[in-house]
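The structure appears below as structure tokens.
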Amino acid sequence: MTATMWPEERVQAFKPDFVAPLVGYLTSETNEETSGQLYEASGGWCAAIRWQRSYGLSVRHLFILVSKQNSCQLHCNRKQS
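Using this note's numbering, the first residue of the sequence shown is number 3, and each one after it goes up by one.
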């Protein structure tokens, strides 16, 4: 799909050949330490990555946050008038 959009040099840099070594290692019998990990690989570069969830907000906290922002905006608009 990118072969028609990218210059040939860039297309060659993103060949599957550059991802294959990582896939080969991950599927080999000598690999005993990487089970369950997540990887990103592209153009000869690869890295272990992680999923991370933030603390988050409950709906109740979200409503409080939104109402505080709205009241602040109303207050700021009054000062400018």
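Where a beta carbon is used, it is the ideal one built from N, C-alpha and C, also for glycine.
Could you tell me which of the options sits nearest to residue i, measuring between CA atoms?
| i | options | result |
| --- | --- | --- |
| Arg52 | Phe16, Leu40, Thr29, Glu35 | Leu40 |
| Lys17 | Gly45, Asn33, Met7 | Gly45 |
| Gln48 | Gly58, Pro23, Ser37, Glu34 | Looking at the sequence shown, residue 48 is not Gln but Cys. Out of Gly58, Pro23, Ser37, Glu34, Pro23 has the C-alpha closest to the C-alpha of Cys48. |
| Phe20 | Glu42, Val61, Arg62 | Glu42 |
| Ala50 | Glu11, Glu35, Ser60 | Glu35 |
Uninterrupted beta strand (DSSP E) stretches inside the region 18-69 (no shorter than 3 residues):
40-44, 47-51
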